[in-house]
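Position one of the sequence shown corresponds to residue 188 (our numbering), numbered consecutively onward. Just so it is clear, CB atoms sit at the ideal spot from N, CA and C, and this is done for glycine as well.
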Amino acid sequence: MRNVAINDVDHLPRRVLALGSDYPPNTLLERHSHRRAQFLYAMHGLMKVGNGRRPVAGAAVQRVWIPATKPHRVWIARRQHPQPVY
């Protein structure tokens with residue numbers, strides 16, 4: 188599914204949900220968390236992921252595992268299409 192919020196489909200009786208999102212350059216997804224664990228990967232480009240308490244910093248990554256209920260935020264530098272799997 189593309190450009191669907193996890194909260195809109197989290198109730199579905201599936202063990203795994205694969206979503207896709209489109210974001211413009213220089214997008215910051217503010218601190219949030221998910222009921223399910225999340226494997227977030229970028230098909231192209233890089234992103235920075237932080238724990239939400241400090242500004243997003245550190246090395247840019249193409250993929251990251253985020254445990255369930257762990258607050259985090261994501262900064263997307265260039266237009267990309269992150270692919271979250273919950």
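Query raised in the report: Apart from the five residues on each side of it in sequence, which residues of its chain come closer than 7 Å, Cβ to Cβ, to W262?
Result: L215, M234, K235 and V243
**Report entry** Collapsed DSSP secondary structure at V196 in the structure displayed
**Finding:** helix
**Report entry** Cβ-Cβ separation, V251 to L227 (assumed contact under 8 Å), whole Å
**Finding:** 5 Å
Query - One or two residues paired with A224 in a DSSP bridge - result: In the DSSP output, where bridge partners are listed per residue, A224 has none listed.
Query raised in the report: For the beta strand (DSSP E) that T256 lies in, which residues bound it at each end?
Result: Counted as a single uninterrupted DSSP element, the stretch harbouring T256 is not any beta strand (DSSP E), since DSSP gives it neither H nor E.
Report task. Return the chain-ordered list of same chain residues with a C-beta closer than 8 Å to the C-beta of A264, the five sequence neighbours on each side being excluded. Result -> For A264, same chain residues with a beta-carbon under 8 Å away, outside a window of 5 residues either side, are P212, N213, G232, L233, M234, K235 and A247 in chain order.
Query - Cβ-Cβ separation, A224 to I148 (assumed contact under 8 Å), whole Å - result: The chain is shown from 188 up to 273; residue 148 falls before or after that span and cannot be answered.
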